[in-house]
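Chains as they are written, first to last, in the numbering used here: chain B, 1053 to 1408; chain F, 6 to 293; chain Z, 6 to 293; chain W, 563 to 822; chain L, 563 to 822. Positions of the beta carbon are idealized from the N, C-alpha and C atoms, including for glycine. Here is the structure we will look at.
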Ligand SMILES: Nc1ncnc2c1ncn2[C@@H]1O[C@H](COP(=O)(O)OP(=O)(O)OP(=O)(O)O)[C@@H](O)[C@H]1O
Ligand SMILES: Nc1ncnc2c1ncn2[C@@H]1O[C@H](COP(=O)(O)OP(=O)(O)OP(=O)(O)O)[C@@H](O)[C@H]1O
Ligand SMILES: [Mg+2]
Ligand SMILES: [Mg+2]
């Protein structure tokens, strides 16, 4: 597991303190991530129990704040009764709209922007995580892995040499990883349109790399593990540093008439992160055990990938950067980017950490 | 005699007269065919109109479920942008190839297992178990064996179709009335002749039920496979529309898939009728 | 007379003698049944052994494809940790419920459409088109209609099973020889009696082929649905093993699914035999 | 006397083939009519029209029943018409039960007729395990047990041995005489026709019309000895001639083609 | 003379039912044997054993053919045994073609026999559009066209009208006399048996054994007038008695049970 500097100092008297906030524009890799003390911000139970239903595509480590908040009773402390259903992001959107779901979790894929563009009320209210070593390709992690033999100098891989090669992907350039990939390609002078997409599910992408069906693949946790120490493959691009590319999305009710419940929900998430998931949480057997129980994975499997940096904050410009690429690639069905103000609402987590 | 009269009054009369079909068979058949056509086209049309009305009235949220007119419009757009045609072609090629290969191998196994009990005994449990193995979960195996590109997609379709045709053919073979076989024995038919002239035609109607079922299955599995594999095809169109929430595209894909399935099924049934001219001979009641 | 002798020498002799089956029918049947069992169990076992050998010899990459022994070991582990049983139960409940509902409704439609041509004409094109609509793509609709929980899963299975039983039943009804119906007419059977005593038993063998096919389909679709929906069940076990790279778990799931499918199919066939005692009466050849 | 069956200009075409020519025939209430005619002339077709299985292409059949029996009409089929999924017993009993006979009566009648037809031992057997003649007997048992007002019989005794045939002929006559049922009996045996019928109707070759309708002059009950009488031989010879004429015509027409 | 068919102690059980008792029968090469017996006594079963469709449960049948015909054995089935998916013509021609007759000969024979049997007009018809008698004629045409060394016929003329029956009896005799084929002919008509056979074999009730085997003393060719001779009547009466005894025994045994 790895670790990242954490904002210290809690202002006495405040429910969390200055450490609970950071400048949204700051995307420095070494930037301290927002944190409060263990157990903070303290619960402020709602007058009446509110039932909420949230969707997640999978029960995996990266969604641990939601899972642990439920299993550790943090929602209960807020007088929230949260039900978690397993449903892919795209399928959950109609249910949010029809009120079957109060919110959903996911990443900034093209579908989110298309949905908002179609007046589907969906608001990004909290971030989720980023890998601890993001932006450091020297460390094996989630990112774009490529066959070493593609490059003349594997030590300093020139992405331009990926031109015309095959990229394994389960959705194509509509997911949130489009942005980091596109940036990496652009900085090497080629476009994502210069590679050929081979549609293959995430779980099978390593197989595809091995049998030649693909030359490269964006491997998410834990699929990069089998080739982490394989000298035939090299990591050429990673997720950007300090910038969650997804998180929690609220439907119209939570943003509107049930706003108090929305704040309580985010407060419980933030408290869960501070209490169980801060720093190198994988060194705490109890936390690993809790994650294992809620995700159904084994403790070893969880420890196989480094501790994630859970970050509830939303960086300024993330939605713009994602949209830029989707617009450029024609993956969204509108022409001018939607303003961040229509997509993001940071007031939930600021209210949570500031005790409002 | 009063009692006699009473008995007469009690008599029931039953009339056997020509029906409309007998009086003007050709006209009646034409009418029937027209009625069938009207009903067959009318019911879906009616549903579409109801759907449209529901959308227009706002009972259905148009953002999530596009109206029939929206779908037609989107389809027109996609057609003009040439984004539907290549996917349709790709899907047709895959499903056609997979269907033909899967049916051929399935029929082969079905025949062999239907005719020889030891083969049946040996393979039935194994194939029965393999039947329900989720083929998509074995994707790595398929990718390893068939590499990439069209081959694993076609193979997945073929493998799925295989099981349906296998079961239908085997059941049909086993169900052939023994009388037919017995007559064949006295005609000194060789195994091949017995198969060609007796077992196959006797089993054909049931095999064609299997072929019809498998036609639908091949389209279904095609879409399922294209959801995850192969970056084009109707399944891809649907899936892409879904994940990017361009739902018009998704519904266009669904409608096209449904039409493909309909045409496929009709074609299989037509071939069946051509191959089995005897199946309608002598039928009198069934026409009504 | 030499020519006479020659003719005699030319004579062919054909013998009709009791076969092994006729000489000791019970013993022979027992032997046959034993042979069937041995073959049926032997072939899968042989394949498993070959697989094991290939794994042990390193021809197959054990990290990607666990050996049979690995699978058994993992299954034992999972069993002891109580992580397999609840998923199996959940899956059985869903698939059982969906199968029964889907079959019942499918049979209903099949019967109605098989017996009445106007209904058939009206619904056949529509259902044929709906048949190939990828049900998973309509997940949002199902969720909106059925809410969350077990209901949409069961509904998806039921809807899929429906189409298979519908086609089989309808085809079977249409294929019932007219002679049976004609006899029923002279017996003054009511519509219900005609259905109950004539059409249904005549169609039953084919309907059971459909039921057997649908048994497998219900398991397949169950797994497919559980891949994306519902946080438990065998499909979830398989998918989770895949996404967390615990491949042993995936293969345990696959094997359990295969066994469930096998048992399901055998049960359907046994019920069929019980319901159709006449189907084996009078059969002499078929036993061999 | 009133007509039980009145056929007026009845025709039946099958596509281009006309199976039954314009046929006019009146069958009186309580009459026993035997129908003979060349193979394929439309005898079965006529019975099927009367039974309501087929509709005529033209013409009309009027059937009048007294209404004193539970079952107006029943038929013995040339190809047995029994159900392979019912045992011998079920085949008979089910027909009775659906026609309003009570359980007990249905059982009793079934037992009686299976016994009469020598099928008691095979009551639990499925038809596929029976010989051809036994299957035909099941069909006969069913029709007899139903005790219909009008009994249509299509070559019912063709597959039975001479003795059983005689036994059943007597059963049939007994049944007919007791309640004066109307019987239409198709047979290929002129002897049988003369022995059983009040009247013998000879049909022409396809499409079948009535070419001759002869009252049988023998008193009932007819002893088997009637066969040896000159009148019997004479009638038989007449019918034979009439029939031969039809068959010859038939063979002359149809056997043409490629063969000289 | 040598035996064409030699049955020694042939038995056939169907589960608990014994369908054919120990049967011993020798049929000479070129002999025309008619078999009569009560319905269900095992006549068809015996033919099926000889034809190789069924195996005996015990005993043995030895069949010796001269080898001078293309087809050693062929059979006319009681239930026709023709294929509904083949037209009348195909049903016959295909049987010829698979048995080594050349295309031209197969066509010629087919045409000939369809003509003889009055089916020329229906050559393109499927069996489901034929009358019962017509279907049976297709089966007969097929067997005759094959010109087998041993011809097994199971009630072949039962569904045919008296005239056609006579025509076909003559055809059959012609065929038999020309090449001295061996014929085993099951019938329910004693007259037919006496008229056609060299020998009449009477079988007992189920399980069938041979209870009587009588040479027919009439010279060939036999005129129809033979029927009127005293010897004919006498022989028929004898066979009738013998058969009645069997049928009575049969009815007595099986009709028991619930019926008095
Ligand atoms: N497949 C079978 N299963 C069981 N029993 C059978 C089977 N085939 C025939 N039998 C029995 O064997 C006996 C003889 O049958 P078979 O058909 O040989 O009679 P048959 O002499 O030809 O009678 P018929 O004159 O009525 O045609 C019958 O009693 C029948 O019940
Ligand atoms: N379903 C049908 N389709 C076409 N033609 C038919 C059909 N049924 C009967 N026919 C024709 O009608 C004619 C009369 O048939 P039918 O069965 O009434 O003859 P039949 O007098 O009963 O003959 P048999 O004595 O041989 O039983 C036949 O020539 C036959 O070809
Ligand atoms: Mg007839
Ligand atoms: Mg018989």
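Continuous beta strand (DSSP E) stretch holding residue i: start and end
{"i": "residue 1104 of chain B", "result": "1102-1108"}
{"i": "residue 584 of chain L", "result": "579-590"}
{"i": "residue 716 of chain L", "result": "712-716"}
{"i": "residue 543 of chain W", "result": "With chain W covering 563 to 822 only, the question about residue 543 of chain W has no answer from this structure."}
{"i": "residue 622 of chain W", "result": "620-627"}
{"i": "residue 269 of chain F", "result": "Not the beta strand (DSSP E): residue 269 of chain F falls in the alpha helix (DSSP H), residues 252-280."}
{"i": "residue 659 of chain L", "result": "Element bounds for residue 659 of chain L: not the beta strand (DSSP E) but the alpha helix (DSSP H), 650-660."}
Integer-rounded CB distance, given that residue j should sit under 8 Å from residue i
{"i": "residue 654 of chain W", "j": "residue 579 of chain W", "result": "Not confirmed; about 35 Å, so no contact."}
{"i": "residue 139 of chain F", "j": "residue 242 of chain Z", "result": "With 8 Å as the limit, residue 139 of chain F and residue 242 of chain Z do not qualify as a contact, their Cβ atoms being about 11 Å apart."}
{"i": "residue 20 of chain Z", "j": "residue 607 of chain L", "result": "Between residue 607 of chain L and residue 20 of chain Z the Cβ distance is about 18 Å, and since that is not below 8 Å, they are no contact."}
{"i": "residue 1018 of chain B", "j": "residue 1321 of chain B", "result": "As displayed, chain B neither begins before 1053 nor continues past 1408, which places residue 1018 of chain B out of reach and without an answer."}
Element boundaries [alpha helix (DSSP H), containing residue i]
{"i": "residue 1285 of chain B", "result": "Looking at the DSSP string, residue 1285 of chain B is not in any alpha helix (DSSP H); the run it does join, the beta strand (DSSP E), is 1285-1290."}
{"i": "residue 665 of chain W", "result": "665-678"}
{"i": "residue 1136 of chain B", "result": "Per DSSP, residue 1136 of chain B belongs to no alpha helix (DSSP H); it is in the beta strand (DSSP E), 1132-1138."}
{"i": "residue 520 of chain L", "result": "Here chain L comprises residues numbered 563 to 822, so residue 520 of chain L is not present and cannot be evaluated."}
{"i": "residue 232 of chain Z", "result": "205-233"}
Evaluate the contact criterion for the region 168-188 of chain Z versus the region 202-220 of chain F: three or more CB pairs, one atom per stretch, below 8 Å.
The region 168-188 of chain Z, when compared against the region 202-220 of chain F, does touch it at the 8 Å Cβ threshold.
With 9 Å as the limit, tell me which residues of the region 35-69 of chain F have their beta carbon closer than that to any beta carbon of chain B; keep them in chain order.
Residues 66, 68, 69.
Which of the residues in the region 608-640 of chain L, read from start to end, lie with their CB under 7 Å from any CB of chain Z?
With the criterion set as a beta carbon lying under 7 Å from some beta carbon of chain Z, the members of the region 608-640 of chain L are 611, 612, 614, 616, 617, 618, 619, 620, 622, 623, 624, 625, 626, 627, 628, 629, 634, in sequence order.
For the pair the region 187-197 of chain Z and the region 1176-1196 of chain B, tell me if three or more CB-CB distances fall below 8 Å.
Between the region 187-197 of chain Z and the region 1176-1196 of chain B there are fewer than three C-beta pairs closer than 8 Å, too few to call the two in contact.
If you pair each beta-carbon of the region 708-715 of chain W with each one of the region 628-644 of chain W, do three or more pairs fall below 8 Å?
Yes: the two stretches touch, three or more of their Cβ pairs being nearer than 8 Å.
List in chain order: all unbroken alpha helix (DSSP H) runs of 4+ residues lying wholly within the region 120-195 of chain F.
If we require 4 residues or more, the alpha helix (DSSP H) runs fully inside the region 120-195 of chain F come out as 122-136, 144-151, 155-180, 183-191.
4 or more residues per run - each alpha helix (DSSP H) lying fully within the region 1198-1228 of chain B:
Entirely contained in the region 1198-1228 of chain B, not one alpha helix (DSSP H) run reaches 4 residues.
Residues of the region 186-202 of chain Z in Cβ contact with chain W at a cutoff of 7 Å, in chain order, please.
The region 186-202 of chain Z vs chain W, Cβ under 7 Å: 187, 188, 190, 191, 192, 193, 194, 198, 202.
Contact the region 682-699 of chain W vs the region 723-737 of chain L: 3+ CB pairs below 8 Å:
No, they do not touch.
Give, in chain order, every unbroken run of the alpha helix (DSSP H) that is at least 4 residues long and sits entirely within the region 1342-1378 of chain B.
As far as the region 1342-1378 of chain B is concerned, its whole alpha helix (DSSP H) runs of at least 4 residues are 1351-1356.
Any contact between the region 1396-1407 of chain B and the region 273-282 of chain F? By contact I mean 3 or more CB pairs, one from each, below 8 Å.
Taking 8 Å as the limit for Cβ pairs, the verdict is that the region 273-282 of chain F does not touch the region 1396-1407 of chain B.
I'd like to know if the region 802-813 of chain W and the region 563-571 of chain L are in contact, where contact means that at least 3 CB-CB pairs between them fall below 8 Å.
Contact fails: fewer than three Cβ-Cβ distances are below 8 Å.
Are the region 32-52 of chain Z and the region 224-236 of chain Z touching by the rule of at least three beta carbon pairs closer than 8 Å?
Too few Cβ pairs lie closer than 8 Å, so no.
Inside the region 727-802 of chain L only - alpha helix (DSSP H) runs reaching at least 4 residues:
Unbroken alpha helix (DSSP H) stretches of 4 residues or longer found wholly inside the region 727-802 of chain L: 752-758, given in chain order.
In chain order, which continuous runs of the beta strand (DSSP E) of length 3 or greater are located wholly inside the region 9-69 of chain Z?
Within the region 9-69 of chain Z, the runs of beta strand (DSSP E) at least 3 residues long that lie entirely inside it are, in chain order, 17-21.
Is the region 167-176 of chain F close to the region 635-650 of chain L, with three or more CB pairs under 8 Å?
No, the region 167-176 of chain F does not touch the region 635-650 of chain L.
Ignoring anything shorter than 4 residues, give me the alpha helix (DSSP H) runs that lie fully in the region 1249-1314 of chain B, in order along the chain.
Restricting attention to alpha helix (DSSP H) runs no shorter than 4 residues, the region 1249-1314 of chain B encloses them at 1257-1263, 1277-1280, 1304-1307, ordered along the chain.
At least three beta-carbon pairs within less than 8 Å, the region 1382-1390 of chain B to the region 1154-1173 of chain B:
The region 1382-1390 of chain B and the region 1154-1173 of chain B touch, with no fewer than 3 CB-CB distances between them shorter than 8 Å.
Are at least three pairs of beta-carbons, each pair with one atom in the region 85-100 of chain F and one in the region 127-146 of chain F, less than 8 Å apart?
Taking a cut-off of 8 Å on C-beta distances, the region 85-100 of chain F does not touch the region 127-146 of chain F, as fewer than three cross pairs fall below it.
Would the region 585-597 of chain W count as touching the region 749-769 of chain W if we require 3 or more Cβ pairs under 8 Å?
Taking 8 Å as the limit for Cβ pairs, the verdict is that the region 749-769 of chain W does touch the region 585-597 of chain W.
Please identify, using Cβ separations under 7 Å, the residues of the region 229-241 of chain Z that lie next to chain B, in order along the chain.
Residues passing the 7 Å Cβ filter: 233, 234, 235, 236.
Would the region 735-742 of chain L and the region 660-679 of chain L be scored as touching if the rule is three or more Cβ pairs under 8 Å?
By the criterion of at least three beta-carbon pairs nearer than 8 Å, the region 735-742 of chain L is not in contact with the region 660-679 of chain L.
Just checking, does the region 742-753 of chain L make contact with the region 590-597 of chain L on the three C-beta pairs under 8 Å criterion?
Touching, per the Cβ criterion.
Check each residue of the region 75-109 of chain Z: if its Cβ is closer than 7 Å to any Cβ of chain F, include it; give the result in chain order.
Residues passing the 7 Å Cβ filter: none.
Along the chain, which unbroken stretches of the beta strand (DSSP E) at least 3 residues long are found entirely within the region 1146-1188 of chain B?
Fully enclosed beta strand (DSSP E) runs of 3 or longer: 1155-1159, 1175-1179.
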